[in-house]
Structures are given as C-alpha cells and as structure tokens.
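Remarks on the structure that follows.
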Amino acid sequence: MKSEFTKPTATSPSSAVEPKPAPPLHRSVGAAALHLADARPAGADPLEALNRSVLQELGEDPSREGLLATPRRVAKALRFLTSGYEADLAHIVNGAVFAAEGYQEMVLVKDVEFYSLCEHHMLPFFGTVSVAYLPGEKIIGLSKIPRLVDVFARRLQVQERMTGQLAEVLEDILAPRGVAVFASGFHLCMAMRGVEKQSSRTTTQAFTGEFQRNADLRREFLAQVK
Numbered sequence: 051m052k053s054e055f056t057k058p059t060a061t062s063p064s065s066a067v068e069p070k071p072a073p074p075l076h077r078s079v080g081a082a083a084l085h086l087a088d089a090r091p092a093g094a095d096p097l098e099a100l101n102r103s104v105l106q107e108l109g110e111d112p113s114r115e116g117l118l119a120t121p122r123r124v125a126k127a128l129r130f131l132t133s134g135y136e137a138d139l140a141h142i143v144n145g146a147v148f149a150a151e152g153y154q155e156m157v158l159v160k161d162v163e164f165y166s167l168c169e170h171h172m173l174p175f176f177g178t179v180s181v182a183y184l185p186g187e188k189i190i191g192l193s194k195i196p197r198l199v200d201v202f203a204r205r206l207q208v209q210e211r212m213t214g215q216l217a218e219v220l221e222d223i224l225a226p227r228g229v230a231v232f233a234s235g236f237h238l239c240m241a242m243r244g245v246e247k248q249s250s251r252t253t254t255q256a257f258t259g260e261f262q263r264n265a266d267l268r269r270e271f272l273a274q275v276k
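With the first letter of the sequence shown counted as 1, position 149 gets the number 199 in the working numbering; the numbers rise by one all the way through.
The following block contains the structure:
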C-alpha cells in the first residue's frame with residue numbers, strides 16, 4: 051500500500067523543509083481538519099437528516115426535547131472522528147524533518163493515546179500506540195508522531211491496518227533504517243456486543259528494515275513498550 055506522503059528532503063535543524071503537497075490516495079489530520087465540522091459551509095450537514103431517520107427507525111421521536119439537537123451533534127461527532135480522511139500529511143509534518151547529524155540510535159515515542167471507529171460496526175476502539183525508528187539521514191519533530199497517529203486513527207479503521215499505515219508513512223517521510231510500531235487496543239464491538247468480553251485487548255505490531263531483520267532489536271523495542 052502506498053503512503054499518502056510526498057517525501058521531503060532533510061534540512062539542518064535551523065532550516066525546515068518546505069514539502070510539496072501530496073495528493074491524497076486514500077485521503078488522510080492536522081489542527082485544521084480537527085475542526086472540519088465547524089468549517090463546513092452554512093446549512094445543515096447531510097448527515098443530520100440521516101441521523102434523524104435512524105432515530106425514527108429505532109422507534110424514537112426526533113422532535114422530543116432530549117433528541118432535538120442529537121442529529122446535529124452526532125453529525126458533528128462523526129465528522130470529527132473521521133476527519134483523518136481530509137488530512138494533508140505534508141501540512142501536518144509542516145517541514146519538521148531535520149538532518150540526523152550523526153544520531154543513529156532508536157527514537158521511541160511511546161504510549162500515544164488513540165481513539166478510532168471500527169469499520170465493521172462503527173463502534174469505538176481505543177488504546178495506545180508506541181512508535182520507534184532508526185534514523186538514516188533524517189529525524190522528525192517528536193510532536194509529529196502523535197499527530198500522525200491521529201490521522202490514521204480518525205477514520206473507519208481496523209487496528210491491523212492502522213498499525214501498518216503508521217509504519218509505512220514514517221518509511222516514506224524519513225527513509226529510516228527501520229520502523230517499529232506496537233498498538234494495544236480495547237474494542238467495544240467485542241465488549242458491548244457479540245462475544246461480550248469486557249477485559250479483552252488486542253495487540254498489533256509492524257516492523258520494517260532492521261527491526262524486521264534483527265530479532266534482538268525487536269525484543270529491545272518490545273521490552274520498552276509492553
């Protein structure tokens with residue numbers, strides 16, 4: 051799967067990259083997209099009418115006081131929770147790719163919280179993601195990794211795909227010697243329906259480059275994040 055990012059070139063810490071905008075492939079969220087619902091043109095969101103119909107199909111009265119604003123609120127919430135589709139990855143990275151200046155050891159950002167929607171039932175799943183990479187010639191601003199997590203979490207997702215997408219996008223942005231991603235998630239589609247297992251968690255991982263080839267390196271990473 052191709053990533054959504056247009057590769058920048060490394061710069062010195064005092065000179066940030068000016069990346070070219072990337073055409074979205076499966077559409078990728080930065081601060082602007084987080085407020086997508088508020089930025090829409092005046093007028094009702096088409097999702098509002100659909101939400102009203104859902105309430106009626108469930109036997110509810112959308113005109114009663116407690117539900118009057120529910121179609122609008124649900125529409126706004128869904129726009130926010132799927133705003134990752136609208137993200138511009140080049141805008142999110144915003145030039146924060148710098149020369150590694152000889153640094154060769156693992157860079158690890160761990161326990162990044164995420165919230166996503168299962169694409170099968172549109173119920174939430176949530177947890178933490180830990181991301182590591184071995185720099186080649188470039189490093190990335192540390193805050194950009196949690197922002198990239200938000201991009202791929204704020205979609206209709208499966209945890210397996212999200213984990214792989216994070217590894218792929220860092221490969222494209224940095225051309226590192228290797229990337230490792232570990233995610234642990236709690237899925238409400240398993241807890242509140244179906245098998246109804248309230249204590250079950252799902253872990254997924256993705257490795258590229260030296261992490262994929264070197265078992266000792268994988269163990270070092272996993273020992274720090276589990």
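Where a beta carbon is used, it is the ideal one built from N, C-alpha and C, also for glycine.
Each residue's CA atom was taken as its position, placing residue 256 and residue 106 some 43 Å apart. Note that the segment 172–184 touches the segment 232–240; at least 3 beta-carbon pairs, one per stretch, sit closer than 8 Å.
Distance from the CA of residue 244 to the CA of residue 119, rounded to the nearest whole angstrom, comes to 30 Å. Residue state for residue 245 is assigned as coil, using DSSP reduced to three classes. Given a length threshold of 3 residues, each whole run of the beta strand (DSSP E) inside the segment 151–190 is given here in chain order: 157–168, 174–184, 188–190.
Within the model, the alpha-carbon separation for residue 259 versus residue 125 is close to 41 Å.
Under the three-state reduction of DSSP, residue 192 is assigned to coil, being neither helix nor strand.
In the structure shown, residue 229 falls within a strand segment according to DSSP collapsed to helix, strand and coil. Annotation for residue 120: the continuous alpha helix (DSSP H) segment containing it runs 120–131. Listed in chain order, the non-local C-beta contacts of residue 169 below 7 Å within the same chain comprise 206, 207, 208, local neighbours out to five positions each way being set aside. In the structure shown, the three-state DSSP call for residue 259 is helix. Comparing alpha-carbon positions, the option among 195, 235, 166, 182 lying closest to residue 135 turns out to be 166.
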